[in-house]
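Everything on this sheet refers to the single structure shown next.
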Amino acid sequence: MGSFNDTLNGSSGYGVSEANGLGQSSDSCRKSFHRLKDLGTLQRTLAPITTAGLFKADCYGKKPKSTIDVSKFLSREGRVRQPSSLKASVAELGEDMISLGTGRPSPDTYPFERMEFAYSLPNATAWTAQAVETNDCVAKQETAVVRKQDPSASIDLAIALSYGYSLGSEQLIQYLTTHVSHVHSPPYSDWEICLTGGNTLAMETTFRNFTDPGDCVLVEEYTYSGMIEAATPLGLTLVPVAMDGDGLNPQCLDSILSTWNEFHPGKPAPKLLYTIPTGHNPTGITQSRHRRQEIVDVAEKHDIIILEDDPYYYLLFPQTHGGSDTLDLPSYLSLSRTGRVIRLDSTSKILAPGLRLGWLTAPKAIVETFQAAHDLGFVQSSGVSQLAVYKLVSETWGHDGFLNWLKVLAGNYQRKATIMLKAMETELGRGSLTDICSWDDIHAGMFIWLKVDCSRLPDMSRTPMDAEARHQALLSIEDKIYAEGLKEGVLACKGSPFQTPSLTCDGVVKTNEEPGSPPVNEGNAVFFRLTFASADEAALVRAVGRLGRALRKIFTPAPGETTPETYPH
3 MGSFNDTLNG
13 SSGYGVSEAN
23 GLGQSSDSCR
33 KSFHRLKDLG
43 TLQRTLAPIT
53 TAGLFKADCY
63 GKKPKSTIDV
73 SKFLSREGRV
83 RQPSSLKASV
93 AELGEDMISL
103 GTGRPSPDTY
113 PFERMEFAYS
123 LPNATAWTAQ
133 AVETNDCVAK
143 QETAVVRKQD
153 PSASIDLAIA
163 LSYGYSLGSE
173 QLIQYLTTHV
183 SHVHSPPYSD
193 WEICLTGGNT
203 LAMETTFRNF
213 TDPGDCVLVE
223 EYTYSGMIEA
233 ATPLGLTLVP
243 VAMDGDGLNP
253 QCLDSILSTW
263 NEFHPGKPAP
273 KLLYTIPTGH
283 NPTGITQSRH
293 RRQEIVDVAE
303 KHDIIILEDD
313 PYYYLLFPQT
323 HGGSDTLDLP
333 SYLSLSRTGR
343 VIRLDSTSKI
353 LAPGLRLGWL
363 TAPKAIVETF
373 QAAHDLGFVQ
383 SSGVSQLAVY
393 KLVSETWGHD
403 GFLNWLKVLA
413 GNYQRKATIM
423 LKAMETELGR
433 GSLTDICSWD
443 DIHAGMFIWL
453 KVDCSRLPDM
463 SRTPMDAEAR
473 HQALLSIEDK
483 IYAEGLKEGV
493 LACKGSPFQT
503 PSLTCDGVVK
513 TNEEPGSPPV
523 NEGNAVFFRL
533 TFASADEAAL
543 VRAVGRLGRA
553 LRKIFTPAPG
563 ETTPETYPH
């Protein structure tokens, strides 16, 4: 499977290749971004009903349809909810039709006559190491002016500010259809795209569409805290799957599902797996190609849906100077022939989080459930955000320019990660903290997962503690480190909010319906999620130094204090 990084490194194609054993050769769906053009014709009307099928290459007509039976996965809410009947009537509008039906204000009443956007243009060589190191990445700015009524424009203010189609504007659907085709090349024909209000909202809508209160959802043992907090009021039980250095462990996943009825008779087995495969939040782990295929195989075996939350996919670090190629990674979307993947992408980490705009790719039957949810709730992604993004990625950058921008971002994040990791080695990897602090290298994203071994502290060296007492002691230590960091002038994110509130042990699942269950694989350590995304490079070095001072205050006994070796047991 060709990946995003094939393009970073100059490959001319996308999609599945012989290398991953899927046996698909290059076809007309996969071309160089340099000559990539959008297909299909725009209707250029208010809220036109649109679909990715209008803009796909002919080769998709030769691919089989997805085979997943979506109906058996739907929640009660997902089964009952139907698209808006009022909005469906818009399909009857034609050029000579006068509408007396919808409560859509006339564009004449909008108090906005024009908008002007000034966009950054990345240099043609902005992704090179020299350009990144010298911060010579942006060539100039280009201005785009949008007027209320402009028959020559693909999208004008009258369209952008009006009620739009719930799945998204035809302009962005067209652009993203081309993008998804060439980056992911889904191996089935009936995939569709739906614009979202960002991945968190899309995730919550997925839970509503496919789970009922009391259902179980499979997640990594450490995961995005927002997901945990979104699942809680929905009454969902999170089932943690153990992780290793390659991310989510497929053997553990298979064991949990294979033994489910044995350990949980009468309780419905999980039907949804939530995973962050690239630049994982919070651990920073990026799943390898082989690991992703293993997890897809387990999902096929047990007939579950994979919710692929992948906002850091485009932040895969490029090839390092003198090193080996970056991980060559297919998405789960590209690996599932049956269509059991709901893929979430977002502009938050690659353009701007305030846009509140993302896109979802899945089989048509799944996307239809999001259309119904949008019709009667979210309604649509912001028209102004859609306008701003379309004018940028399509009319200003084009596919090739968008690629250059993503290269710039990935290179910048790699440089900042390198600086922070070097500072950590200097401040946390030597002296009194040598055997206390540890972390792994990262290949994507914006997070480093710092492990702090607390076994030397007196609080962890007392008489043997049960799991709950140990958990509470570690939370207390975590609080102390956090507070000491604040005193030193550094904010490090506690790891405990990212710990799935359940326990797995030897295939036994202890759910969070059982009070007092401590997090999995805790041992005698606490964790902190560190990010290099926001601070500048000099500030990163200072921040790590401050964190080091805070840790030394905790772990270096004052004169006369006991150490683990002398503490009475």
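Per my numbering, the sequence shown starts with residue 3, numbered consecutively. For every residue, glycine included, the Cβ atom is placed at its ideal position computed from N, Cα and C.
| Local Cβ density within 10 Å of Val147, reported as buried at 16 or more and exposed below that | A residue is called buried when at least 16 other Cβ atoms come within 10 angstroms of its Cβ; Val147 does not meet this threshold and is exposed.
| task | Have a look at Pro267 and Ile306 and give me their C-alpha separation to the nearest angstrom. | result | Their Cα atoms are separated by approximately 19 Å.
| task | Please say whether Leu197 and Gly170 have beta carbons closer to each other than 7 Å? | result | Result yes, Cβ atoms of Gly170 and Leu197 sit closer than 7 Å.
| field | Same chain, Cβ closer than 8 Å to Phe534, five either side skipped, listed in chain order | value | These residues qualify, in order along the chain: Tyr415, Lys418, Ala419, Ile421, Met422, Met448, Ile450 and Leu542.
| query | In three-state DSSP terms, what is Ala494? | reply | Coil, per DSSP.
| Cα separation between Trp361 and Asp192? | The alpha-carbon atoms of Trp361 and Asp192 are separated by roughly 16 Å.
| message | Using DSSP's beta-bridge definition, name the partner residues of Lys453. | response | In the DSSP secondary-structure assignment, Lys453 is bridged to Ser440 and Phe529.
| query | Whose C-alpha, out of Gly55, Lys67 and Arg458, is nearest the C-alpha of Arg342? | reply | Restricting attention to Gly55, Lys67 and Arg458, the CA atom closest to the CA of Arg342 is found in Lys67.
| request: Starting from the C-beta of Glu486, find all residues in its chain whose C-beta is less than 7 Å away, skip the five residues before and the five after it, and write them out in chain order. | output: In its chain, beyond the 5 residues on either side, Ala552, Lys555 and Ile556 have a beta carbon closer than 7 Å to the beta carbon of Glu486.
| message | Please identify the residue among Gly403, Pro503, Gln501 and Ala545 whose C-alpha is closest to the C-alpha of Tyr121. | response | Of the candidates Gly403, Pro503, Gln501 and Ala545, the one whose C-alpha sits nearest the C-alpha of Tyr121 is Gly403.
| field | Coil, strand or helix - Tyr315 by DSSP | value | Correct three-state label for Tyr315: helix.
| Simplified DSSP state of Val221, which is helix, strand or coil | Correct three-state label for Val221: strand.
| According to the neighbour-count rule (16 or more other Cβ atoms, all chains shown, within 10 Å of its Cβ), is Met205 buried or exposed? | Looking at its Cβ environment, which holds 16 or more other Cβ atoms inside 10 Å, Met205 is buried.
| request: Report all residues from its chain with a CB closer than 6 Å to the CB of Thr558; omit the five preceding and five following residues, and keep chain order. | output: Closer than 6 Å at the Cβ level, and outside the excluded window around Thr558, lie Ser434.
| request: Flag this pair as yes or no: are the beta carbons of Asn211 and Thr371 separated by less than 7 Å? | output: Pairing Asn211 with Thr371 gives a Cβ-Cβ distance under 7 Å.
| message | For Thr207 and Asp71, I'd like the C-alpha separation in whole angstroms. | response | It is roughly 19 Å from the alpha-carbon of Thr207 to the alpha-carbon of Asp71.
| query | How many Å lie between Thr234 and Ser101 at the Cα? | reply | Near 44 Å, if we compare the C-alpha coordinates of Ser101 and Thr234.
| For Thr52, the three-state DSSP class (helix, strand or coil) | In the structure shown, Thr52 sits in coil (DSSP, three-state: anything other than H, G, I, E or B).
| query | Cα-Cα, which of Leu44, Thr43, Leu38 and Ile51 is closest to Gln382? | reply | Nearest Cα to Gln382 within the set Leu44, Thr43, Leu38 and Ile51: Ile51.
| Minimum C-alpha distance to Lys269 - residue among Pro279, Val241 and Asn251 | Comparing Cα-Cα distances from Lys269 to each of Pro279, Val241 and Asn251, the minimum goes to Val241.
| query | At which residues does the alpha helix (DSSP H) containing Ala301 begin and terminate? | reply | Annotation: the continuous alpha helix (DSSP H) that includes Ala301 extends over Arg291 to His304.
| query | Are Leu259 and Val243 closer than 7 Å when you measure CB to CB? | reply | Not a contact, by the Cβ cut-off of 7 Å.
| request: Can you grab the Cα-Cα spacing for the pair Gly525 / Glu480, in whole Å? | output: Rounded to whole angstroms, the gap between the alpha carbons of Gly525 and Glu480 is 14 Å.
| task | Starting from Val543, trace the alpha helix (DSSP H) both ways and give me its first and last residue. | result | Start and end: Glu539 to Phe557.
| Taking buried to mean at least 16 other C-beta atoms within 10 Å of its own C-beta, is Gly264 buried or exposed? | Per the sequence shown, residue 264 should be read as Glu rather than Gly. So Glu264 counts as exposed.
| query | So who's on the other strand from Thr239, going by DSSP bridges? | reply | Paired residue(s): Cys218.
| task | Write down the C-beta distance between Met245 and Thr285 rounded to the nearest angstrom, noting that I regard them as a contact closer than 8 Å. | result | With 8 Å as the limit, Met245 and Thr285 qualify as a contact, their Cβ atoms being about 7 Å apart.
| query | Just curious, the beta strand (DSSP E) that Pro124 is in, first and last residue? | reply | Start and end: Arg116 to Pro124.
| Inter-stretch contact at 8 Å, needing at least 3 Cβ pairs: the region 397-411 / the region 215-235 | No, they do not touch.
| task | Sort His282, His292, Thr104 and Arg291 by Cα distance to Tyr314 and report the nearest one. | result | Residue nearest to Tyr314 within the set His282, His292, Thr104 and Arg291 is His282 (criterion: CA-CA distance).
| field | CB contact flag (Ala494, Leu459, <7 Å) | value | Taking 7 Å as the cut-off, the beta carbon of Ala494 is found no closer than this to the beta carbon of Leu459.
| task | Could you name the residues of the same chain whose beta carbon sits closer than 7 Å to that of Ile157, not counting the 5 residues immediately before and after it, in chain order? | result | Here the set comprises Ser171, Gln173, Leu389 and Tyr392.
| CA-CA distance, Arg464 and Leu488? | Each residue's alpha carbon lies about 28 Å from the other.
| task | Determine which residues share a DSSP beta bridge with Trp407 and list them. | result | For Trp407, DSSP assigns no beta-bridge partner whatsoever.
| task | Tell me Ile195's beta-bridge partners as DSSP assigns them. | result | According to DSSP, which records beta bridges pairwise, Ile195 is partnered with Thr363.
| message | Which residue marks the beginning of the alpha helix (DSSP H) containing Asp60, and which one marks its end? | response | Here Asp60 belongs to no alpha helix (DSSP H), and DSSP marks it neither H nor E.
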